[in-house]
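Notes follow once the structure below has been shown.
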Amino acid sequence: MAKKSYKMIKKILFLLFFLGGSVARLHGQSNRIGILYSKISTLVFKEEIVDVEIGSQEYHVKVKGRYLLLRAKHKHAQPTSLFVRYGKKMHYYVADIFPDENAPLQYHLEEDIGGKEAEKKEEKVTPTFSENNQEYYTLGVISNGIHVILTKIFHTDNTTNLQLFIDNTSSIDLCLSHWTFEYVTILRKFLFFKKKKGKLVELIASPDSINVPAKSGEYVVFTIPIYVSEGGLEIFLGEDDGERGFRFSIPNEILLQAKRGNKNASQH
Numbered sequence: 278m279a280k281k282s283y284k285m286i287k288k289i290l291f292l293l294f295f296l297g298g299s300v301a302r303l304h305g306q307s308n309r310i311g312i313l314y315s316k317i318s319t320l321v322f323k324e325e326i327v328d329v330e331i332g333s334q335e336y337h338v339k340v341k342g343r344y345l346l347l348r349a350k351h352k353h354a355q356p357t358s359l360f361v362r363y364g365k366k367m368h369y370y371v372a373d374i375f376p377d378e379n380a381p382l383q384y385h386l387e388e389d390i391g392g393k394e395a396e397k398k399e400e401k402v403t404p405t406f407s408e409n410n411q412e413y414y415t416l417g418v419i420s421n422g423i424h425v426i427l428t429k430i431f432h433t434d435n436t437t438n439l440q441l442f443i444d445n446t447s448s449i450d451l452c453l454s455h456w457t458f459e460y461v462t463i464l465r466k467f468l469f470f471k472k473k474k475g476k477l478v479e480l481i482a483s484p485d486s487i488n489v490p491a492k493s494g495e496y497v498v499f500t501i502p503i504y505v506s507e508g509g510l511e512i513f514l515g516e517d518d519g520e521r522g523f524r525f526s527i528p529n530e531i532l533l534q535a536k537r538g539n540k541n542a543s544q545h
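All you need for the numbering used here is the position in the sequence shown, starting with 1, plus 277.
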């Protein structure tokens, strides 16, 4: 039943959310960027940078308008992920960075990183839910070259919709076949002791499966009953063979501050 509902949800997303398109998919090679450790590497974006998330403290980060200044603290800094939101329409850019003393001093996003292909990719990574003033999020988990990023929460009268972006930077295809959503409340906490209460959430709509080839990414949307819990939401995505699993939590306050549907929202 859930599988049929998901297909139906995909067809009515335009009417339901007043958006410019249905669920989009991103396919393409992930960006890898060398970062200097004796000098500053500069990434130049077309529009002003809104915020930056980086997966390691082994890199210095500074934002100046359209310019992102990066420097590895030392030559043995571990490769890590970079997540940048920029522009009025809140585009975002995902890349893996690593120390490289032979890297250029400056990257112009459309020119240096993949040329014309990068420019096309920038158009594709616009988040699927594009309702005006909608909040964006960068919660998620990074493990074994897989980035699972929460990009959107959108409430309607009866549902809460969660959009994830799964970026597979590894050399192995990813096939996720099962997932659980659970409301988790901490009932008691004393020193190192805490007791949790969990309640499984029945999905209204979800993908049949999630297949993300190596060096590519995929948007997916999950729909659950409207959020009414006092606890956070814990999400687990796993492979059939159990080799790889990804778990992260969305705090209560993040879920509560997410936008609700607006029939007067502008279309993109």
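Backbone N, C-alpha and C fix where the C-beta goes; we use that ideal spot for every residue, glycine too. None of these values were measured; they are calculated from a predicted model.
Item                                                                                                                                                            : Value
Taking the alpha-carbon of Ser526 as reference, which of Glu516, Thr462, Lys492 has the nearest alpha-carbon?                                                   : Thr462
Candidates Val489, Leu416, Phe458, Glu495: which alpha carbon is nearest Glu479's?                                                                              : Phe458
What do you get for Thr319, buried or exposed, if any count of 16 or more other CB atoms within 10 angstroms of its CB means buried?                            : buried
Could you tell me the distance, in whole angstroms, from the CA atom of Leu533 to the CA atom of Ser447?                                                        : 34 angstroms
Can you give me the start and stop residues for the beta strand (DSSP E) that Gln440 sits inside?                                                               : 436-445
What does the alpha-carbon distance come out to for the pair Gly494 and Gly475?                                                                                 : 31 angstroms
By the DSSP assignment, the beta strand (DSSP E) with Gln355 in it spans what residues?                                                                         : Run containing Gln355: none; DSSP gives neither H nor E here.
Give the straight-line distance between the Cα atoms of Leu310 and Leu346, rounded to the nearest whole angstrom.                                               : It should be noted that the sequence gives Ile, not Leu, for residue 310. So the two alpha carbons sit approximately 13 angstroms from each other.
Classify Thr428 as buried or exposed, calling it buried when 16 or more other Cβ atoms lie within 10 Å of its own Cβ.                                           : buried
Compare the C-alpha of Leu313 against each of Phe322, Leu510, Gly332, His337 and name the closest.                                                              : His337
Have a look at Asp373 and Asn445 and give me their C-alpha separation to the nearest angstrom.                                                                  : 11 angstroms
Ordered along the chain, which non-local residues of its own chain (more than five positions away) have a Cβ less than 6 angstroms from that of Ile426?         : Gly417, Phe442
Tell me, to the nearest whole angstrom, how far the beta carbon of Pro376 is from that of Lys339; I am working on the premise that it is less than 8 angstroms. : With a Cβ gap of about 17 angstroms, Pro376 and Lys339 do not count as contacting.
For Tyr460, which three-state DSSP category applies?                                                                                                            : strand
Identify which residue in Asn421, Ser333, Glu335, Glu330 has its Cα closest to the Cα of Ala491.                                                                : Asn421
Around the Cβ of Thr433, are there at least 16 other Cβ atoms within 10 angstroms (buried) or fewer (exposed)?                                                  : exposed
Could you give the first and the last residue of the continuous beta strand (DSSP E) run that contains Asn488?                                                  : 487-489
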